[in-house]
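Please read the structure below before turning to the comments.
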């Protein structure tokens, strides 16, 4: 801990501890042989973490808490283990022309020069971390730089199996190299752009699958004897009860990886072969898309941009889970966000952080639900409100009242198309006149996969397929033949397809008459066709 460079007296000078406490800590060092920071922590005077932060501030370098930081195994490979242990450093992440490392002695020029030589990177940026954190990180990552298959092979020894049978405590979970396996599963998922990690116990093994671009892909099969420790490690990271295996649980893991802040939502569910765990990966530092980048047609984009500028009313975005509803809402909020507007959200969870917008996450245990939170938001003088989801009649009624009293309200519903959102609200028990007077627009959406640009090539589909899809045969067709960039899938990334329903007097009358979703949809389509015909006639007259 850079004791040579900085005296622990600085803690007294800053008023964080007094001289008597520092003297007691030094006595503890002599008596027990522990480091002075551990002695201060053990005696309850100041935590090791707080000491580290003070030292980093004094040295004028950033401090990094490695306990919740994920490092890419490819970055670890850049510095040999013997060099890392010699200087007590660990590489964190690489940009195009620089490498950032954590050091317990950030001013060690000799160490930085050797790191520069070993990594072949000229610019070395250093941050400060404690010696203990760095040593734990080295134990965690060195030896786990291969792939998941290699690591499983190292764990599948008779010695490890017997230790797993004997030790089932929290300490065992944190000591056995299964911690490396969990880290590697997560880092590989992030590198593969996965939105979810599925850890699924089977009769004789544990299946690992990643959801990439909406499709699940098998990644690895884990030996059955690692199941309990693998699941327990994840539950410890997510602050879940490792002793509870019969009831579903929810947890959360916050991690840092390179320049990303990752929020992992963890859900466990008991099955006949053990607990099934799913981790949803949310990148809070991800760059938001503009509305123009989401896949709107020109007409839908113009109409949607108009409706979100209105002063009041409800705009609903509908679609199944994972269809990109939240991304669309955030993009809409970003477009209308300004210092003149007070925008407040209540979400589950907060997926992106947007400057100027007050964002709140629901907390069921504390009694903060969508309905309760929405009531409180109305007392915060908002102009625009976003409710993560309308799940019940209470939330729907408050949202409608908010729109009728001059607020613009955004929310989501789980329906298959735009017209069904109107009948869904009726089914909830909302009066038809309230729906007709408050809803101003409904956007239904899906995400479809995009052909990999690296291996995209023309293809001629057979006549039966063209007939089945009812499309013109003279069009050009493409497919992805598969390459290393898309992992031989042929697709990379997704884009939205949209259905926008804007309310008018005729559609409001149908809602008041409680017409079916099918009838409302047919009417909306006929109105849209009539509008396009009118536009075409206008163009002909101008010509």
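Numbering (my numbering), first residue to last: -6 to 536. The beta carbon of each residue, even a glycine, is placed where N, CA and C say it ideally should be. Because the structure is a prediction, the values reported are computed rather than measured.
For residue i, the three-state DSSP class (helix, strand or coil)
i           : result
residue 185 : coil
residue 365 : helix
residue 345 : coil
residue 450 : strand
residue 0   : coil
residue 420 : helix
residue 318 : helix
residue 180 : helix
residue 407 : coil
residue 293 : helix
residue 334 : coil
residue 250 : strand
residue 261 : strand
residue 226 : helix
residue 300 : helix
residue 243 : strand
residue 48  : helix
residue 306 : strand
residue 328 : helix
residue 54  : coil
residue 511 : helix
residue 34  : helix
residue 533 : Summary for residue 533: the model assigns pLDDT 37, below 50, so the residue's position carries little reliability; its value from the coordinates is reported in the next sentence. Correct three-state label for residue 533: helix.
residue 266 : coil
residue 287 : coil
residue 382 : coil
residue 353 : strand
residue 520 : helix
residue 16  : helix
For residue j and residue i, believed in contact at Cβ under 8 angstroms, the rounded distance
i           : j           : result
residue 493 : residue 429 : Incorrect: roughly 18 angstroms between the Cβ atoms, too far for contact.
residue 376 : residue 349 : Going by Cβ atoms, the distance from residue 376 to residue 349 rounds to 12 angstroms, so no, they are not a contact pair.
residue 540 : residue 431 : Residue 540 lies beyond the residue range present for the chain, which begins at -6 and ends at 536; the question has no answer from this structure.
residue 324 : residue 283 : 6 angstroms
residue 114 : residue 95  : With a Cβ gap of about 16 angstroms, residue 114 and residue 95 do not count as contacting.
residue 48  : residue 121 : 7 angstroms
residue 259 : residue 191 : That belief does not hold up - the Cβ atoms of residue 259 and residue 191 are roughly 12 angstroms apart, past 8 angstroms.
C-alpha distance - residue i paired with residue j, whole-angstrom precision
i           : j           : result
residue 152 : residue 97  : Here the model assigns residue 152 a pLDDT of 49, short of 50, so the residue's position is not dependable and the matter cannot be decided.
residue 540 : residue 57  : This structure leaves residue 540 out entirely; the chain is present only between -6 and 536.
residue -4  : residue 257 : Residue confidence for residue -4 is low, a pLDDT of 42 falling below 50, so the modelled location carries little weight; the figure read from the coordinates is stated next. Cα to Cα, residue -4 sits roughly 37 angstroms from residue 257.
residue 6   : residue 274 : 43 angstroms
residue 245 : residue 469 : 46 angstroms
residue 363 : residue 354 : 9 angstroms
residue 235 : residue 62  : 22 angstroms
residue 253 : residue 345 : 12 angstroms
residue 297 : residue 304 : 14 angstroms
residue 380 : residue 22  : 54 angstroms
residue 405 : residue 370 : 18 angstroms
residue 241 : residue 78  : 42 angstroms
residue 519 : residue 509 : 16 angstroms
residue 359 : residue 243 : 15 angstroms
residue 390 : residue 204 : 36 angstroms
residue 255 : residue 183 : 9 angstroms
residue 220 : residue 195 : 10 angstroms
residue 483 : residue 453 : 16 angstroms
residue 129 : residue 45  : 16 angstroms
residue 202 : residue 10  : 50 angstroms
residue 14  : residue 319 : 51 angstroms
residue 176 : residue 70  : 15 angstroms
residue 383 : residue 487 : 26 angstroms
Residue closest to residue i, alpha-carbon to alpha-carbon, out of the options
i           : options               : result
residue 372 : 407, 354, 358 and 336 : 336
residue 357 : 349, 342 and 45       : 342
residue 110 : 236, 83 and 76        : 76
residue 186 : 463, 497, 122 and 209 : 209
residue 397 : 81, 453, 307 and 332  : 307
residue 438 : 15, 221, 409 and 19   : 409
residue 573 : 108, 436 and 392      : Residue 573 lies beyond the residue range present for the chain, which begins at -6 and ends at 536; the question has no answer from this structure.
residue 302 : 328, 281 and 312      : 328
residue 312 : 227, 489, 331 and 324 : 489
residue 126 : 90, 201, 41 and 100   : 41
residue 385 : 367, 300, 89 and 10   : 367
residue 330 : 310, 352, 314 and 309 : 352
residue 124 : 31, 513 and 117       : 31
residue 290 : 436, 224 and 104      : 436
residue 193 : 250, 262, 309 and 464 : 262
Ranges of the beta strand (DSSP E) found wholly within the stretch 58 to 142, counting only runs of at least 3: 82 to 87, 91 to 96 and 116 to 121
Segments assigned alpha helix (DSSP H), at least 4 residues, entirely inside the stretch 434 to 508: 456 to 462 and 498 to 505
Contained beta strand (DSSP E) runs [length at least 3] in the stretch 184 to 221, N- to C-terminal order: 189 to 194, 198 to 205 and 208 to 216
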